[in-house]
Amino acid sequence: MVNVIGLGYIGLPTALMMASHGVEVVGTDYNEKLVKTLQSGYTTFKEDGLDELFHNALKAGIRFTTEYQVTDTYIISVPTPYDKFSKKVDPGYVIAAIENVISVAPQGAVLIIESTISPGTIDKSVRPVIERLKRKDLHLVHAPERIIPGNMVYELVHNSRTIGADDRAIGEKVKEIYASFCQGEIVVTDIRTSEMT
0 MVNVIGLGYI GLPTALMMAS HGVEVVGTDY NEKLVKTLQS GYTTFKEDGL
50 DELFHNALKA GIRFTTEYQV TDTYIISVPT PYDKFSKKVD PGYVIAAIEN
100 VISVAPQGAV LIIESTISPG TIDKSVRPVI ERLKRKDLHL VHAPERIIPG
150 NMVYELVHNS RTIGADDRAI GEKVKEIYAS FCQGEIVVTD IRTSEMT
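Residue 59 in numbering that gives the first Met the number 0 sits at position 60 of the sequence shown, with consecutive numbering throughout.
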């Protein structure tokens, strides 16, 4: 099962696409109103093809909750605000999500960061959290999102992807998850390279 953390403009379509293509998915968001809307059978924003994708995912059994799940795979897709003055991306939401995931993640779980981050963020901000919480058993992956609002559903299927992983075998397993729906080229590389892309 994949637990998608953050059900906004990137996380929701990604979760729906995976669920519609045979991946067991639970979507998690701290926003109770958003989760209740999704549980009631309504999307939280409009996008070409999103409603059909949503209904397909519901038929496939996708669930929505405010609770982090115990599973082997997590996709972190939370906002990373851009500060115009410092010209830096704020990784605060990513770090908070990782801390919450770590509290429930079993040994050997894969943490896929899909949020937009600056090069070096995983080494500077993410690894220290994992070390501080003594969870070196977790596998880190960066799979940067590649979609633009207005054409999300089409681009999720057709755009190429980069999967950056510390462990090539883990990268290949993550590639299989994305290959369930992505028809573009999926390249497995290291984390720093994926951050640069």
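Cβ coordinates follow ideal geometry from the N, Cα and C atoms, glycine included.
Excluding five sequence neighbours on each side, which residues of the same chain lie with their C-beta closer than 7 Å to the C-beta of residue i?
| i | result |
| --- | --- |
| V34 | D28, F63, T64, T65 |
| S124 | P90, I94 |
With respect to the alpha helix (DSSP H) encompassing residue i, which residues constitute its N-terminal and C-terminal limits?
| i | result |
| --- | --- |
| F53 | 49–59 |
| A142 | Per DSSP, A142 belongs to no alpha helix (DSSP H) and is neither H nor E. |
| V13 | The identity of residue 13 in the sequence shown is Thr, whereas the question assumes Val. Segment 10–19, the alpha helix (DSSP H) holding T13. |
| E46 | No alpha helix (DSSP H) holds E46; DSSP gives it neither H nor E. |
| A168 | 167–178 |
| P127 | 126–131 |
| V77 | No alpha helix (DSSP H) contains V77, which DSSP labels as neither H nor E. |
In the DSSP output, which residue or residues are listed as bridge partners for residue i?
| i | result |
| --- | --- |
| D82 | K87 |
| V1 | V24, T72 |
| F63 | G26 |
What separation, rounded to the nearest whole angstrom, lies between the Cα atoms of residue i and residue j?
| i | j | result |
| --- | --- | --- |
| D189 | R167 | 8 Å |
| P148 | L155 | 11 Å |
| I9 | V152 | 10 Å |
| G5 | A108 | 18 Å |
| K32 | E51 | 22 Å |
| S19 | I146 | 18 Å |
| L132 | I101 | 8 Å |
| A14 | A59 | 12 Å |
| K174 | T72 | 12 Å |
| E46 | M16 | 13 Å |
| D122 | V77 | 18 Å |
| L37 | T43 | 7 Å |
| G126 | S39 | Here the sequence assigns Arg to residue 126, which means Gly is not the residue at that position. Computed Cα separation, rounded: 37 Å. |
| V1 | P12 | 14 Å |
Classify residue i as helix, strand or coil using the three-state DSSP reduction.
| i | result |
| --- | --- |
| G183 | coil |
| I116 | coil |
| I204 | Coverage of the chain is limited to positions 0 through 196, which leaves residue 204 absent and any answer about it impossible. |
| T188 | strand |
| T36 | helix |
| K135 | coil |
| I97 | helix |
| I147 | coil |
| S102 | coil |
Looking at the secondary structure, which residues open and close the beta strand (DSSP E) in which residue i lies?
| i | result |
| --- | --- |
| V109 | 109–112 |
CB-CB under 6 Å to residue i, same chain, minus the five flanking residues each way: which ones, in chain order?
| i | result |
| --- | --- |
| A164 | V140, G170 |
| P118 | E194, M195 |
Enumerate in chain order the residues of its own chain whose CB-to-CB distance from residue i is below 8 Å, with the five nearest sequence positions on each side excluded.
| i | result |
| --- | --- |
| I75 | I4, G5, V93, A96, I97, V100, L110, I111, I112, E113, S114 |
| N158 | R145, I146, C181, G183 |
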